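Working notes, beginning with the structure itself.
2 protein chains.
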Amino acid sequence: MGSRPTIVHVAKEAGLSKATVARVLNQQTDISVRKETRLRVQSAAESLGYVPNKLAASLRSSRTNNIAISISDISNPFFPELVRGAQDTLSKRGYNMIILNNDWDQETEREQFNVIKRTLVDGVILAPSRLDLDLSCLGTIPVIILGNSDAYPSYDSIGNNSRAGVELAFERLHSLKHRRIGLVLGGSSKLETSAWRIQIYRDFHQKHGLMLDENLITRCKFTVRASDSFIMARDPIKRLLKLERRPTAIFASNDILALSVLQVANELGIAVPNELSVIGMGDVFAASASSPPLTTICKQRYKLGKLAAERLLDLLSSPEIVAQKAPLKIRLACKLIERGTTSIL
Amino acid sequence: MGSRPTIVHVAKEAGLSKATVARVLNQQTDISVRKETRLRVQSAAESLGYVPNKLAASLRSSRTNNIAISISDISNPFFPELVRGAQDTLSKRGYNMIILNNDWDQETEREQFNVIKRTLVDGVILAPSRLDLDLSCLGTIPVIILGNSDAYPSYDSIGNNSRAGVELAFERLHSLKHRRIGLVLGGSSKLETSAWRIQIYRDFHQKHGLMLDENLITRCKFTVRASDSFIMARDPIKRLLKLERRPTAIFASNDILALSVLQVANELGIAVPNELSVIGMGDVFAASASSPPLTTICKQRYKLGKLAAERLLDLLSSPEIVAQKAPLKIRLACKLIERGTTSIL
DNA sequence: GAAAACAATGAGAACGTTCTCATAGGGAGT
DNA sequence: ACTCCCTATGAGAACGTTCTCATTGTTTTC
Numbered sequence: 001m002g003s004r005p006t007i008v009h010v011a012k013e014a015g016l017s018k019a020t021v022a023r024v025l026n027q028q029t030d031i032s033v034r035k036e037t038r039l040r041v042q043s044a045a046e047s048l049g050y051v052p053n054k055l056a057a058s059l060r061s062s063r064t065n066n067i068a069i070s071i072s073d074i075s076n077p078f079f080p081e082l083v084r085g086a087q088d089t090l091s092k093r094g095y096n097m098i099i100l101n102n103d104w105d106q107e108t109e110r111e112q113f114n115v116i117k118r119t120l121v122d123g124v125i126l127a128p129s130r131l132d133l134d135l136s137c138l139g140t141i142p143v144i145i146l147g148n149s150d151a152y153p154s155y156d157s158i159g160n161n162s163r164a165g166v167e168l169a170f171e172r173l174h175s176l177k178h179r180r181i182g183l184v185l186g187g188s189s190k191l192e193t194s195a196w197r198i199q200i201y202r203d204f205h206q207k208h209g210l211m212l213d214e215n216l217i218t219r220c221k222f223t224v225r226a227s228d229s230f231i232m233a234r235d236p237i238k239r240l241l242k243l244e245r246r247p248t249a250i251f252a253s254n255d256i257l258a259l260s261v262l263q264v265a266n267e268l269g270i271a272v273p274n275e276l277s278v279i280g281m282g283d284v285f286a287a288s289a290s291s292p293p294l295t296t297i298c299k300q301r302y303k304l305g306k307l308a309a310e311r312l313l314d315l316l317s318s319p320e321i322v323a324q325k326a327p328l329k330i331r332l333a334c335k336l337i338e339r340g341t342t343s344i345l
Numbered sequence: 346m347g348s349r350p351t352i353v354h355v356a357k358e359a360g361l362s363k364a365t366v367a368r369v370l371n372q373q374t375d376i377s378v379r380k381e382t383r384l385r386v387q388s389a390a391e392s393l394g395y396v397p398n399k400l401a402a403s404l405r406s407s408r409t410n411n412i413a414i415s416i417s418d419i420s421n422p423f424f425p426e427l428v429r430g431a432q433d434t435l436s437k438r439g440y441n442m443i444i445l446n447n448d449w450d451q452e453t454e455r456e457q458f459n460v461i462k463r464t465l466v467d468g469v470i471l472a473p474s475r476l477d478l479d480l481s482c483l484g485t486i487p488v489i490i491l492g493n494s495d496a497y498p499s500y501d502s503i504g505n506n507s508r509a510g511v512e513l514a515f516e517r518l519h520s521l522k523h524r525r526i527g528l529v530l531g532g533s534s535k536l537e538t539s540a541w542r543i544q545i546y547r548d549f550h551q552k553h554g555l556m557l558d559e560n561l562i563t564r565c566k567f568t569v570r571a572s573d574s575f576i577m578a579r580d581p582i583k584r585l586l587k588l589e590r591r592p593t594a595i596f597a598s599n600d601i602l603a604l605s606v607l608q609v610a611n612e613l614g615i616a617v618p619n620e621l622s623v624i625g626m627g628d629v630f631a632a633s634a635s636s637p638p639l640t641t642i643c644k645q646r647y648k649l650g651k652l653a654a655e656r657l658l659d660l661l662s663s664p665e666i667v668a669q670k671a672p673l674k675i676r677l678a679c680k681l682i683e684r685g686t687t688s689i690l
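Here's what the structure looks like:
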């Protein structure tokens, strides 16, 4: 009884068929309908308070205007802005977004692929929890991969050029005359083997003819919750800063760890940046709010999400054309944001 | 041709009708179906790789298993954890979540209400952008209001007891012998008129027989982007800290502002906590990562989302029962997290 | 002036489920 | 043996759209 009006009600009210009503309401520009008819439909819809049922439309047209984004954890400071970037782009074009958190867990992720298939999204933005995922089960749904790995060669992928970013950090510290540079890494996540960071670290030493001291490489547990990781990093960092020949500078592979360095240094009475320079990576909000504010390698999160969404929209609007080309690989440049934790030695 | 198998394909494969297949696949416990039949259906579904079409199911049953959450901005540090709390609860029960950002903009919010109606969500968790919204357009969709206002008396609402939290901060500073306490407020958001905070500030002074110095009340612009607010707060805070009789303690109405205080103090060479105690509010991640770590009034964000989701699920599973009761009003207690920015005078 | 083209609308199938009601089969009660 | 009931299954409508094709009326073309 109290159920909402459907397109047939509108049709009846306007004295037209539902086909015509649909034509008017979907604003198909290429279809001809008399101006007067158009108005009649519009006023009928208005007066009945008609709201189209998206489910029925999607079922028939097999376009849902939903896209799914699968990430590790929305409460990880890296993701909200990324999500926002994607969402702003998508909602402008009438798409809704469903966020799926996988917590770096493969089981969860697999379950989500099922959700994706059941729920019939038009496209997927995927930050893979690991590098060896089988995406074939997603069938023909367009997928954009987030990240900088080459593990999914046949898919479009968009990420930050983290390699170049890490090099940038080392080079900057070198140009500030630092020769004894600590490396703080977060491990345990399947995705970030951190092997490649160590490789860059080695290459950097070799390139500049520096002696590499393995004691300066510090590994920290890195878990799902940022605040936990922050705490757990304290002990290994404390060890690093208590070495008898402690580093004059530290590069941490993410801002959480870099902030942990800052805090430990503060407690040990080591003045930053005068006695210790620190560079983080990511440029999360907390980085700009520390005292002194953290120098960091900025990953473009908002833009990352935006580009992924734009690419997905392209794929959706013209699947054939885009499919012919080679997969898109975008690596956004990382920038050095020099704030207050770096100074010349 | 390549389209996915439907329930009729499964039925044909199993030599049964789609009704029976549906019975098996929906695990209705109260319905009788022979064990052998059940197995036949399951193996048929398995071998065809059948995935149910949620759209069709939703259309027929008018249950979508989607719920919408309307918030101001997912990239505001307050929200990700809240969303996560809700999401964890909902996904456990098979619900997906659609996040809508309104950017404190009424126009956007109104558009989103349309999205909600079109998309036929089962329920809504709503953090209203203002206190005078007309929610009647959402019809009979169950709605949970987030926040601590009494503006929506007929709806369930769940929020933090911010008033008590603010009092807690003042009382703590008082017990630490501070008598000259600055108040840093973030304005401009329609929701947070901050009038009530000033009232509490006045009441506090009166209660303890303290002289109230209007110069100690500082208003900062507070905008959509946390990082912008952080920067914009610097000038007013600097003025506050440069008063000839500057406060010995500061309470800021959110952590972003409190961190800004920390940073400005650091630049001015004011030692925290020895020369200045600071208490923030919110307990965002950045609060624990500052140096020294910020003492703050903790708002329970994860639990807030969790409770909202649980209540919504209750409403959905037994609408009649719950509807009879008076609207639920939950105010979560705020806790004082004493870290490194407070000390006795 | 008849045929052809076009513009505007209508009729009704289709999408893939759920759900209601009907029906077939078999055992229990009398 | 007849009715009754219960269990297991089937037939088909319904959900509210979109989309294809048909139809009507009007204009253009030769």
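Which chain is which? The protein sequence lines are A and B, in order. Note that the first sequence covers residues 1 to 345 in the numbering used here. Note that the second sequence covers residues 346 to 690 in the numbering used here. For each residue, glycine too, the CB sits at the ideal point set by N, CA and C. Fair warning: this is a prediction, and the values are worked out from it, not measured in the lab.
*Are the segment 34 to 52 of chain A and the segment 65 to 74 of chain A in contact at 8 Å, needing three or more beta carbon pairs?*
No, they do not touch.
*Are the Cβ atoms of Ile-256(A) and Val-278(A) separated by less than 7 Å?*
Taking 7 Å as the Cβ cut-off, Ile-256(A) and Val-278(A) do not qualify as a contacting pair.
*Can you pull the DSSP bridge partners for Cys-643(B)?*
In the DSSP output, where bridge partners are listed per residue, Cys-643(B) has Gly-627(B), Lys-680(B).
*Would you mind telling me which residues of chain A sit closer than 8 Å to Met-442(B), beta carbon to beta carbon, in chain order?*
Listed by position along chain A, the residues whose Cβ is nearer than 8 Å to that of Met-442(B) are Ile-98, Ile-99.
*asked:* On a Cα-Cα basis, can you pick out the residue from Leu-243(A), Glu-267(A), Glu-171(A) that is closest to Leu-336(A)?
replied: When only C-alpha atoms are compared, the closest one is Glu-171(A).
_Three-state secondary structure (DSSP) of Ser-415(B)_ = Ser-415(B): strand per DSSP, three-state reduction.
_Quick check: the Cα distance between Val-83(A) and Asp-558(B), rounded to an integer number of angstroms?_
Taking the straight line joining both Cα atoms gives about 44 Å.
*For Asn-266(A), which three-state DSSP category applies?*
Residue state for Asn-266(A) is assigned as helix, using DSSP reduced to three classes.
*Pull out every residue of the segment 45 to 61 of chain A whose Cβ sits closer than 7 Å to any Cβ of chain B, in chain order.*
The segment 45 to 61 of chain A vs chain B, Cβ under 7 Å: Val-51, Pro-52, Asn-53, Lys-54, Leu-55, Ala-56, Ser-58, Leu-59.
*Starting from Phe-204(A), follow its DSSP beta bridges and name the residues at the other end.*
Bridge partners of Phe-204(A): none, in fact.
*In its own chain, which residues sit with a C-beta less than 7 Å from the C-beta of Ala-472(B), not counting the 5 before and 5 after it?*
The residues are Ser-415, Ile-416, Ser-417, Leu-491, Gly-492.
*What is the residue span of the beta strand (DSSP E) that Arg-564(B) lies within?*
That run of the beta strand (DSSP E) goes 562 to 566.
*Of all the alpha helix (DSSP H) runs that stay within the bounds of the segment 507 to 532 of chain B, which reach a length of 4 or more residues?*
Here the runs fully enclosed are 507 to 520.
_Less than 8 Å between C-beta atoms, sequence neighbours within five positions excluded: which residues of the same chain meet that for Lys-238(A)?_
Excluding positions up to five away in sequence, the list reads Val-264, Leu-268.
_For chain A, check one thing: does any of its Cβ atoms lie closer than 7 Å to the Cβ of Glu-655(B)?_
Between Glu-655(B) and chain A, the shortest Cβ-Cβ separation is not below 7 Å.
_Element boundaries [beta strand (DSSP E), containing Asp-477(B)]_ = From DSSP, Asp-477(B) is part of no beta strand (DSSP E); its letter is neither H nor E.
*Contacts of Leu-262(A) in chain B (Cβ-Cβ under 9 Å)*: Correct list: Ala-634, Ser-635, Ser-636.
*Counting pairs of Cβ atoms below 8 Å between the segment 308 to 322 of chain A and the segment 146 to 160 of chain A, do you hit three or more?*
The segment 308 to 322 of chain A is in contact with the segment 146 to 160 of chain A.
*Could you say which of Gly-94(A), Gly-340(A), Pro-327(A), Arg-339(A) lies nearest to Ala-151(A) if we only look at CA atoms?*
When each option's Cα is compared against that of Ala-151(A), the closest is Pro-327(A).
_Own chain residues within Cβ distance below 6 Å of Ser-502(B), not counting five before or after_ = Excluding residues within five positions, the ones whose Cβ falls inside 6 Å are Ile-490, Lys-674.
*If you measure beta-carbon to beta-carbon, which residues of the segment 325 to 342 of chain A are closer than 7 Å to chain B?*
Cβ contacts with chain B come from no residue of the segment 325 to 342 of chain A.
*Quick one, are the C-beta atoms of Asn-355(B) and Leu-384(B) less than 7 Å apart?*
One detail in the question is off: residue 355(B) reads as Val in this sequence, not Asn. Not in contact: Val-355(B) and Leu-384(B) (Cβ atoms no closer than 7 Å).
*What do you reckon, are the CB atoms on Cys-565(B) and Gly-527(B) nearer than 7 Å?*
For the 7 Å CB-CB criterion, Cys-565(B) and Gly-527(B) do not form a contact.
*Relative to chain A, which residues along the segment 423 to 436 of chain B have a C-beta separation below 7 Å, given in chain order?*
If the cut-off is 7 Å between Cβ atoms, the segment 423 to 436 of chain B has Pro-425, Glu-426, Val-428, Arg-429, Gln-432 near chain A.
_Within 7 Å of any Cβ in chain B, is that where the Cβ of Leu-176(A) sits?_
No, no contact with chain B.
*In its own chain, which residues sit with a C-beta less than 6 Å from the C-beta of Lys-325(A), not counting the 5 before and 5 after it?*
So no residue of the chain qualifies.
_Assuming Asn-611(B) and Pro-292(A) are in contact, meaning their beta carbons sit under 8 Å apart, how far apart are those beta carbons, in whole angstroms?_
Right, the Cβ-Cβ distance comes to about 7 Å (below 8 Å), so this counts as a contact.
*Whose Cβ in chain B lies nearer than 8 Å to the Cβ of Asn-115(A)?*
A quick correction: the sequence has Val, not Asn, at residue 115(A). Scanning chain B for C-beta atoms nearer than 8 Å to the C-beta of Val-115(A) yields Asn-441, reported in chain order.
*Within this structure, are the beta carbons of Arg-542(B) and Ser-499(B) separated by less than 7 Å?*
No; because the gap between Cβ atoms is not below 7 Å, this pair is not in contact.
*Hey, quick one: how far does the beta strand (DSSP E) through Phe-596(B) stretch, first residue to last?*
Start and end: 594 to 597.
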